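K.L.:
Okay, here's the structure, questions in a sec.
Protein chains: 2
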Amino acid sequence: MRRLINDPYNIVEEMLEGFCKAHNKHVKLLENDGRVVVSKKAPVKDKVGIIIGGGSGHEPLFLGYVGEGFADAAVIGNINTSPSPEPCYNAVKAVDAGKGCLYMYGNYAGDVMNFDMGAEMAAAEGIRVETVLVTDDVYSSTEIKNRRGVAGDFYVFKVAAAKAALGYDLDAVKSAAEKANANTRSMGVAMSSSTLPITGKTIFELEDGDMEVGMGIHGEPGVRRTKIEPADKVVDEILGYILPDLPFNEGDEVSVLVNGLGATPLMDLHVAYRRVAQVLEEKKIKIYNSFVGNYATSMDMAGMSITLMKLDDELKELLDYPCDAPYCVIK
Amino acid sequence: MRRLINDPYNIVEEMLEGFCKAHNKHVKLLENDGRVVVSKKAPVKDKVGIIIGGGSGHEPLFLGYVGEGFADAAVIGNINTSPSPEPCYNAVKAVDAGKGCLYMYGNYAGDVMNFDMGAEMAAAEGIRVETVLVTDDVYSSTEIKNRRGVAGDFYVFKVAAAKAALGYDLDAVKSAAEKANANTRSMGVAMSSSTLPITGKTIFELEDGDMEVGMGIHGEPGVRRTKIEPADKVVDEILGYILPDLPFNEGDEVSVLVNGLGATPLMDLHVAYRRVAQVLEEKKIKIYNSFVGNYATSMDMAGMSITLMKLDDELKELLDYPCDAPYCVIK
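Chains as they are written, first to last, in this note's numbering: chain X, 3 to 333; chain C, 3 to 333.
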């Protein structure tokens, strides 16, 4: 246990208090719901409302991506637990500007149930809410619709938020999010577990020096467990799953996200990025732009994931669209 | 050992290759020196050259702060080791635009020796190079000039770089850096050691569940070692050293940096930030703005540091000045 916390039963509230104070130029807590982080600019006139969310413990996902040109609100669950329906609904009430709202989140059963209930509550008041589930984790299922959402969330949220910021209607925004999701693939590796504040214990056992390829961000089982291998070999294995899955082909243009799971140094992420770039170059897949850092974490888990999004002109424009959120500024 | 690396003797080169590929819109490696990361905009006409650097293992410090409106170059040493004099000199040759250069780095003996030799080599060619050492770590010495530089580097570099970007001469830029350093105080706590790639071992022993208050970013000894305490108590102890040291007084306005040392979740950093904000509010010290995240790390060390910089109108303007570096975008 190497965490720096107070009362573990109050950790999400304390985090939210600190977050909204530290980033008070961008966000605030909703007055009537302490589990909704809203942009200070929301609701934005004539714009589709962008609402993201899910369990805590993946910071800066989700709340770090609330701000101008990005999400209008994030709905916050307990650690590794979906938010309940009420904050999902309250987020809609807070950010809807008459053009409806889009829910986006990783595909987990609890989130689907609760966000769907939030959407029904909104529908009962005549507010249209559509949903796009992120399903980028290639190893989590052979069927795409059953796959989990991991760091690819970042790309799907960014693209849809930009489409909304450009003034498009809900159908167009949803369609952009679906395209981003359809073009995005991820897979990760864990070198340690993460520590649950309430128990003070790790969420699963992983011996020091071991790694598990394909593990999910809540510790869902992966492909295989072995001694930690050289970074290049790990990257090659992950790309061996990702590249044929879409597939990514010679001549394609991609955005690359090398994501840290929380406890892996930026040094190691760049060593891994170097190999990703080498492999893509060999395969004549062009890198349009890249992100390297902690974008979707699992608290203090050591590990790394690789995400590729295949781009076209529309996705490039939306990815480059300016945004100003606490953990993503693009100018 | 939970690191994801290849050949530990080649890790800095591999990191630099990955870094310059991932962030190729901002930076490149100097053609004649693989240990100098330079901004693609450098040299900037009529601008003082801003050169930062030091040992590797503290990423995003130093290379992540090279870019427009920030540093023109970072000189890169091996892990926890100063760069040698040649790259310090080569950085000057690469970024000097006729107005001289400012070296800035944390106050460590090896860095002082090597950067000073670089400055002498430049002086022999008629290029003026001045130096400002960062000395923000309050616990490292009772004498300010003997203190080490830690996360306060970020503030000192940012302020001086903005002053240079505004077109001021070397004396004025140096003076702004000195003011920022004089107004900045930091202190940290470690909950784990960090792992040296070459040995595969931690740089010091710290039992799981223990913490050391006041520890340096290379594992320099702190105030006391104890079982990990509640976050609020740790923050109170750190502020108990920082606040009287400057001193920070009622009515002062400050910038706050809650810095992660590498393996501490953003969740915990915000829990800690919450307490910093509470204490400053009680003491009627106004928070102007805040930074929360991994700004100056020690690879995979679990831990956190708090930095405060006391502001005046000039420092506020310089802190807010736009910059576009791989790990700091201010717009």
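Using N, Cα and C, we set each Cβ at its ideal position, and we do this for glycine too.
Note that the structure is a prediction, hence the values are computed from the model and not measured.
Check whether the region 279-293 of chain C and the region 119-131 of chain C are in contact - that is, three or more C-beta pairs closer than 8 Å.
P.N.:
The answer is no - the region 119-131 of chain C does not touch the region 279-293 of chain C, with fewer than three Cβ pairs under 8 Å.
K.L.:
Quick test of your reading: C:T197 and C:D302, contact by CB under 8 Å. State the CB separation rounded to the nearest angstrom.
P.N.:
Rounded, the Cβ-Cβ distance is 5 Å, consistent with contact.
K.L.:
Chain C beta carbons: is any one of them nearer than 8 Å to that of X:Y141?
P.N.:
So no, X:Y141 is outside the interface.
K.L.:
When DSSP labels each residue in this structure, what does X:E15 get in the three-state scheme?
P.N.:
In the structure shown, X:E15 sits in a helix (DSSP, three-state: H, G or I).
K.L.:
Report yes or no: do three or more beta-carbon pairs, one from the region 65-84 of chain C and one from the region 319-329 of chain X, lie closer than 8 Å?
P.N.:
Not touching, per the Cβ criterion.
K.L.:
Using 8 Å as the limit for Cβ to Cβ distance, is X:D315 near chain C?
P.N.:
Not closer than 8 Å to any Cβ of chain C, the Cβ of X:D315 fails to qualify, so no.
K.L.:
Show which residues of chain X have a CB atom less than 8 Å away from the CB atom of C:V331.
P.N.:
Within chain X, the residues near C:V331 are V331, I332, K333.
K.L.:
Is it buried or exposed for X:E145, if we count other Cβ within 10 angstroms and need 16 for buried?
P.N.:
X:E145 comes out exposed.
K.L.:
Within the chosen definition, does the region 92-103 of chain C reach the region 187-194 of chain C through at least 3 CB pairs nearer than 8 Å?
P.N.:
With the cut-off at 8 Å, the region 92-103 of chain C and the region 187-194 of chain C do not touch.
K.L.:
From C:T137 to C:V158, what does the alpha carbon distance come to, in whole angstroms?
P.N.:
Distance between the alpha carbons of C:T137 and C:V158 is about 10 Å.
K.L.:
Hey, how far is the Cα of X:D171 from the Cα of X:D322?
P.N.:
When rounded, the distance between both Cα atoms is 20 Å.
K.L.:
Can you look up X:G1 in the DSSP assignment and give me helix, strand or coil?
P.N.:
Here chain X covers residues 3 to 333 and nothing more, so residue 1 of chain X does not appear.
K.L.:
Please decide whether C:A93 counts as near chain B, where near means a Cβ-Cβ distance under 8 Å.
P.N.:
No chain B is part of this structure, whose protein chains are labelled X and C.
K.L.:
Are C:G295 and C:G262 close, meaning C-beta to C-beta below 8 Å?
P.N.:
In this structure, C:G262 lies closer than 8 Å to C:G295 by Cβ.
K.L.:
Could you tell me whether the Cβ of X:D270 comes closer than 8 Å to any Cβ of chain C?
P.N.:
Cβ-Cβ to chain C under 8 Å: yes for X:D270.
K.L.:
Between which two residues does the beta strand (DSSP E) harbouring X:G36 extend?
P.N.:
Residues 35-41.
K.L.:
Quick check: the region 309-324 of chain X against the region 77-92 of chain X, are at least 3 beta-carbon pairs closer than 8 Å?
P.N.:
Contact fails: fewer than three Cβ-Cβ distances are below 8 Å.
K.L.:
X:P87 touches chain C at which residues, Cβ-Cβ below 9 Å?
P.N.:
Ordered by position in chain C, no residue passes the 9 Å Cβ test against X:P87, which lies about 24 Å from the chain.
K.L.:
Is the beta carbon of C:P45 closer than 8 Å to that of C:D98?
P.N.:
Yes. Within cutoff.
K.L.:
Quick one: is C:S307 near chain X, going by C-beta distance under 8 Å?
P.N.:
Answer no: the Cβ-Cβ gap between C:S307 and chain X never drops below 8 Å.
K.L.:
In this structure, how does DSSP classify C:E132 when only helix, strand and coil are distinguished?
P.N.:
DSSP places C:E132 in strand when its eight states are reduced to three.
K.L.:
Relative to the C-alpha of C:E15, which residue among C:D270, C:I81, C:R130 is closest?
P.N.:
Checking every option, the nearest Cα to that of C:E15 belongs to C:I81.
K.L.:
Given that C:P62 touches chain X, what residues does it touch there, using C-beta distances under 7 Å?
P.N.:
Correct list: L268.
K.L.:
Taking the Cβ atom as the reference point for each residue, do C:L310 and C:F250 lie within a distance shorter than 8 Å?
P.N.:
Yes.
K.L.:
Under a Cβ-count criterion, where at least 16 other Cβ atoms within 10 Å of its own Cβ denotes burial, should C:D35 be classed as buried or exposed?
P.N.:
With 16 or more other Cβ atoms within 10 Å, it is buried.
K.L.:
Quick one: is C:T228 buried, meaning 16 or more other Cβ sit within 10 Å of its Cβ, or exposed?
P.N.:
With fewer than 16 Cβ atoms within 10 Å of its Cβ, C:T228 is classed as exposed.
K.L.:
Among the candidates C:S195, C:M269, C:A162, C:V161, whose CA atom is the shortest distance from the CA of X:H60?
P.N.:
Ranking C:S195, C:M269, C:A162, C:V161 by Cα distance to X:H60 puts C:M269 first.
K.L.:
So, X:A163 versus X:A304, is the Cβ gap smaller than 8 Å?
P.N.:
No, they are not a contact pair.
K.L.:
Skipping 5 residues on each side, what residues in its chain have a beta carbon closer than 6 Å to that of C:G112?
P.N.:
The answer, listed in chain order, is S84.
K.L.:
Using 8 Å as the threshold, is the C-beta distance between X:P232 and C:N148 below it?
P.N.:
No, the pair does not count as a contact, with Cβ atoms beyond the cut-off.
K.L.:
Please check if any C-beta of chain X sits within less than 8 Å of the C-beta of C:R4.
P.N.:
True, the Cβ-Cβ gap to chain X drops below 8 Å.
K.L.:
Tell me the start and end of each unbroken beta strand (DSSP E) in the region 124-168 of chain C that is at least 3 residues and wholly inside, in chain order.
P.N.:
Counting only runs of 3 or more, we get 131-136.
K.L.:
Tell me, please, whether the CB atom of X:I240 is closer than 8 Å to any CB atom in chain C?
P.N.:
With 8 Å as the cut-off, X:I240 does not count as an interface residue toward chain C.
K.L.:
Could you tell me the alpha carbon to alpha carbon distance between X:K30 and C:C22, rounded to whole angstroms?
P.N.:
Taking the straight line from one Cα to the other gives about 36 Å.
K.L.:
Buried or exposed: C:S143, going by 16 or more other Cβ atoms within 10 Å of its Cβ?
P.N.:
Per the 10 Å Cβ criterion, exposed.
K.L.:
Which one or two residues does DSSP pair with C:F293 in a beta bridge?
P.N.:
The partner list for C:F293 (beta bridge, DSSP) reads C:L259.
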